[in-house]
Amino acid sequence: MKDYLAGQLQNVLAAIDGVPADFVVEFETPANPDHGDLSTNAAMQLARHLRKAPRAIAEDIAARLDALPLDRKRVTSVDVAGAGFINFRFATTYLQDGLAEVLSAGSDFGRTADGTGKRVLVEYVSANPTGPLTVGHGRNAVLGDTVANLLEWTGYDVTREYYYNDAGLQMRILGESVRARYRALVNPNEPTKEIEGPSGDAIAVPETFPETGYLGGYIEEIAEGLVEKHGKALYDTSEVEVFKKAAEDAIFPDIESTLARLGIRMDSHFNEHTLYTSNAIWQTLDRLREKGYVYEDDGAVWFRTTDLGKDKDTVLVKSSGEPTYRLPDIAYHANKLDRGFDLLIDVFGADHIATYPDVLNGVKILGYDESKIDVIIYQFVTLVRGGQPVKMSTRKATYVTLDDLMDEVGEDVTRFFFMMRSPNTHLEFDLDLAKEASDKNPVFYLQYAHARICAILRKAEETGFEFSGNAELGLLTHEAEEALIKVLLAFPDSIREACTLKEPHKLATYLRDVAVAFNQFYQHCRIIGEERGLATARMALATGTRTVLANGLTVLGLSAPERM
RNA sequence: GCGCCAGUAGCUCAGUUGGAUUAGAGCAACGGACUUCUAAUCCGUAGGUCGCAGGUUCGAAUCCUGCCUGGCGUACCA
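Under the numbering used here, think of the first position of the first sequence as 5, with each following residue one higher.
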């Protein structure tokens, strides 16, 4: 509809002197339904160029549109209102045709072709295997996965990638933590020492335990596994590798199964380590050096980020010879672009806000188009229990794992809560609210509407009404029926908007509107008991609503239950 | 100090990228609606100086400037 009206408006505007050639007509759906179904402020935008009152321009345009004339099967009225808005009202035949399209498209309704032929890589989760996924990772995982879904629905060829590093400092500390626990297990007389515990208190650990070691119970479980397998044979092993490997082998499958519970499956895993074995890291550094952005000082290698608008230069390689994570990050993004993706999406927590520009600058200097990289930054999650925030740290084991959370509130609720808010606001995850399987919990509202429609259709069929696909949709003239159809027809645009903005919560908000419109319709319009034609038409409308809800829930990664 | 995000009803948040005499939902509060397809629903009442102060224009919760408050960052940690 927008396309049709935009075309007609362009025709009209072309005949008016003084309209800039590159003028783009914008439409919006008025908040107040009295103002029509679609509206444009073109006249106001043009007032400056034409040096005329917006209202007069609007009158002129409206008259010319009427004279075309517009297709009465699509648009029933064109009005000028307010300061110069031009409002359009859809014809009922247009709505009926639209509903027919919803029904014929079925489980594909909502898909668009915007991204056809383009490959996009979405990188998310990317937690190093140092422990189970926590609530903190949950928002990242769900945001990334939902954006990936949105991209698929808008036609992109999507690859989901998990980037991790099993070679760095944290993994070494992890391995040392396991070794210390192992030594204590096989030697009852292993000496102990005290380090700072989760709440600042002193706790006893084996003497070889790292000062900043990992305190989670899973470390001991891994150590127990090593005892079963090797007995005491590893007691004097100074190499940390075997312990690290054991930890990784134990932790990664857990991470995968946690993600699987959330409905997340990665297409590929990228190990940072391969950037070292392929020498990509040092090649990247050389290329940056050739461009003149690298210098050495104090034994370290620096990235001249002050030339790029930052107030400090950045270390790329420490004086120990080890790169900081920035250098592999730049090499990794270059690698992704080398793989031929048209678009890269990164999902980062707010703590990366200051560092990702270095990566963008790095790939730009290397000669890549950094506008192909889109970074989603989300603010942190506060878990609230009993009105109190819960502080978390993986290392200190004062975390709530994603599995714990799902055990407590369920997978659908977990997923929904992580994406129901705008990524750039702090997310307050209220456990007490999430746990309630009641009307307080917004995810149930959507699922209930879907289950309710299924129940109605089941019942209607049992009662002898049949909906084969041929309904006389012209009978749907009730205000609540038309309002519902209008909402349904907005679904593809809603997906599109959520996708381009990378803000999945917009779709969640939209689906609530669908459920509201349906419940209002249902309040006024019955199906069973109505005359056969009308009942069949309403079954068609209910079916279309079920389609939109089911498709929407699918995009969000939620189940669409048939009974509740 | 500097950078980024946020500040909207008692609470949690939307607000269509500057639009329409009246800023919206949910929860919480109060009052209504089931002999009829799922009441996990619907309808109504009450609740606001859109953090504060200026500015930009036909028009500002939205853009600009300056303050205030909270979060995150500002590492040869990831």
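Cβ atoms here follow ideal geometry from the backbone N, Cα and C, with glycine treated the same way.
Runs of beta strand (DSSP E) lying entirely within the region 257-335, each at least 3 residues, in chain order: Runs of the beta strand (DSSP E) inside the region 257-335: 272-275, 298-301, 304-307 and 318-321.
Stretch-stretch touch, CB-based, cutoff 8 Å, three pairs: the region 544-557 with the region 487-497: The answer is yes - the region 487-497 touches the region 544-557, with three or more Cβ pairs under 8 Å.
Start and end residues, beta strand (DSSP E) containing residue 165: In the first sequence, residue 165 corresponds to position 161, counting from 1. Residue 165 -> beta strand (DSSP E) spans 161-168.
Exposure label - residue 357; buried when at least 16 CB within 10 Å: Locating residue 357 in the first sequence gives position 353, counting from the first residue. With fewer than 16 other Cβ atoms within 10 Å, it is exposed.
Endpoints, alpha helix (DSSP H) assigned at residue 353: In the first sequence, the residue the question calls residue 353 occupies position 349. No alpha helix (DSSP H) contains residue 353, which is instead part of the beta strand (DSSP E) from 347-353.
Integer-rounded CB distance, given that residue 210 should sit under 8 Å from residue 187: Taking the first sequence and counting its residues from 1, the one referred to as residue 187 is at position 183. Taking the first sequence and counting its residues from 1, the one referred to as residue 210 is at position 206. Between residue 210 and residue 187 the Cβ distance is about 6 Å, and since that is below 8 Å, they are a contact.
Residue 28, buried or exposed, once every other Cβ within 10 Å from all chains shown has been counted against 16: For the purposes of this step, residue 28 is taken as residue 24 along the first sequence, with counting starting at 1. Burial state of residue 28 is exposed, judged by a 10 Å Cβ sphere holding fewer than 16 other Cβ atoms.
According to DSSP, residues forming a beta bridge with residue 91: Taking the first sequence and counting its residues from 1, the one referred to as residue 91 is at position 87. Beta-bridge pairing by DSSP links residue 91 to 43 and 83.
Exposure of residue 392, with buried meaning 16 or more beta-carbon neighbours within 10 Å: Indexing the first sequence from 1 puts residue 392 at position 388. With a threshold of 16 other beta carbon atoms within 10 Å, residue 392 falls short and is exposed.
Three-state class that DSSP yields for residue 197 in the structure shown: Here the question's residue 197 lines up with position 193 in the first sequence. In the three-state reduction of the DSSP assignment, residue 197 falls in the strand class, which pools E and B.
First through last residue of the alpha helix (DSSP H) which encompasses residue 2: This structure leaves residue 2 out entirely; the chain is present only between 5 and 568.
Contact belief for residue 351 with residue 144 at Cβ below 8 Å, rounded distance in angstroms: Within the first sequence, the letter at position 347 stands for residue 351. Within the first sequence, the letter at position 140 stands for residue 144. Contact between residue 351 and residue 144 is confirmed by a C-beta separation of about 5 Å, below the 8 Å threshold.
C-beta atoms of residue 159 and residue 112 nearer than 8 Å: The residue you call residue 159 lines up with position 155 of the first sequence. The residue you call residue 112 lines up with position 108 of the first sequence. For residue 159 and residue 112, no; Cβs fall outside 8 Å.
C-alpha gap between residue 68 and residue 18, whole angstroms: Reading the first sequence from its first residue, position 64 is the one you call residue 68. Reading the first sequence from its first residue, position 14 is the one you call residue 18. Taking C-alpha positions only, residue 68 is separated from residue 18 by approximately 11 Å.
Bridge-paired residues (DSSP) for residue 70: In the first sequence, counting from the first residue as 1, residue 70 sits at position 66. Its beta-bridge partners do not exist; DSSP assigns none.
C-beta contact flag for residue 252 and residue 133 at 8 Å: Stepping through the first sequence from its first residue, residue 252 is reached at position 248. Stepping through the first sequence from its first residue, residue 133 is reached at position 129. For residue 252 and residue 133, yes; Cβs fall inside 8 Å.
Beta-carbon proximity check, residue 409 vs residue 139, cutoff 8 Å: In the first sequence, residue 409 corresponds to position 405, counting from 1. In the first sequence, residue 139 corresponds to position 135, counting from 1. The beta carbons of residue 409 and residue 139 sit closer together than 8 Å.
Residue 181, buried or exposed, once every other Cβ within 10 Å from all chains shown has been counted against 16: Here residue 181 corresponds to residue number 177 of the first sequence, with the count starting at 1. So residue 181 counts as buried.
Closest by C-alpha distance to residue 84, when choosing among 250, 95 and 59: Your numbering for residue 84 matches position 80 in the first sequence. The candidate whose alpha carbon is nearest that of residue 84 is 59.
Meets three-Cβ-pair contact criterion under 8 Å: the region 469-487 and the region 508-515: Touching, no, given that fewer than three Cβ pairs across the two stretches are closer than 8 Å.
Residue environment, residue 164, which counts as buried when at least 16 other CB atoms sit within 10 Å: Position 160 of the first sequence, counted from the start, is the residue given in the question as residue 164. Looking at its Cβ environment, which holds 16 or more other Cβ atoms inside 10 Å, residue 164 is buried.
Residue 306 versus residue 380: straight-line alpha-carbon distance, rounded: Taking the first residue of the first sequence as 1, we reach residue 306 at position 302. Taking the first residue of the first sequence as 1, we reach residue 380 at position 376. So the two alpha carbons sit approximately 27 Å from each other.
Between the CA atoms of residue 167 and residue 274 - distance to the nearest angstrom: Residue 274 sits at position 270 when you count from the first residue of the first sequence. Residue 167 sits at position 163 when you count from the first residue of the first sequence. Here the C-alpha atom of residue 274 lies approximately 5 Å from the C-alpha atom of residue 167.
Residue 345 vs residue 124 beta-carbon contact at 8 Å: One-based indexing of the first sequence puts residue 345 at position 341. One-based indexing of the first sequence puts residue 124 at position 120. It is a contact, given that the beta carbons lie within the stated cut-off.
Stretch pair the region 416-429 + the region 555-565: three plus CB contacts closer than 8 Å: These segments touch.
DSSP state of residue 469 mapped onto helix, strand, coil: Taking the first residue of the first sequence as position 1, residue 469 is located at position 465. In the structure shown, residue 469 falls within a coil segment according to DSSP collapsed to helix, strand and coil.
Backbone secondary structure at residue 387 - three-state DSSP: For the purposes of this step, residue 387 is taken as residue 383 along the first sequence, with counting starting at 1. In the structure shown, residue 387 sits in a strand (DSSP, three-state: E or B).
Sub-8 Å separation of residue 341 and residue 387 beta-carbons: To locate residue 341, count along the first sequence from 1; it is residue 337. To locate residue 387, count along the first sequence from 1; it is residue 383. Not closer than 8 Å, so no.
Residue from 411, 328 and 95 with nearest C-alpha to residue 174: Here the question's residue 174 lines up with position 170 in the first sequence. The shortest Cα separation from residue 174 among 411, 328 and 95 belongs to 328.
Completely contained alpha helix (DSSP H) runs for the region 415-459, where each covers 4 or more residues: Those alpha helix (DSSP H) runs which fall completely within the region 415-459 and span 4+ residues are 415-423 and 435-439.
Nearest-angstrom beta carbon gap, residue 412 and residue 439 [assumed within contact, 8 Å]: Position 435 of the first sequence holds residue 439. Position 408 of the first sequence holds residue 412. 6 Å between Cβ atoms; contact.
For residue 381: DSSP bridge partner residues: For the purposes of this step, residue 381 is taken as the residue at position 377 of the first sequence. Residue pairing from DSSP places residue 381 in a beta bridge opposite 352.
N- and C-terminal bounds of the alpha helix (DSSP H) containing residue 226: One-based indexing of the first sequence puts residue 226 at position 222. Segment 221-234, the alpha helix (DSSP H) holding residue 226.
Whether residue 13 touches residue 46 by CB criterion (8 Å): As a first step, residue 13 is located in the first sequence; it is residue number 9 there, counting from the start. As a first step, residue 46 is located in the first sequence; it is residue number 42 there, counting from the start. In this structure, residue 13 places its C-beta atom within 8 Å of the C-beta atom of residue 46.
Through-space distance from residue 126 to residue 161, alpha-carbon basis: For the purposes of this step, residue 161 is identified with residue 157 of the first sequence, where counting begins at 1. For the purposes of this step, residue 126 is identified with residue 122 of the first sequence, where counting begins at 1. Rounded to the nearest whole angstrom, the C-alpha separation of residue 161 and residue 126 is 11 Å.
Residue range of the unbroken alpha helix (DSSP H) whose run includes residue 489: Within the first sequence, numbered from 1, the residue matching residue 489 stands at position 485. Unbroken alpha helix (DSSP H) run through residue 489: 483-493.
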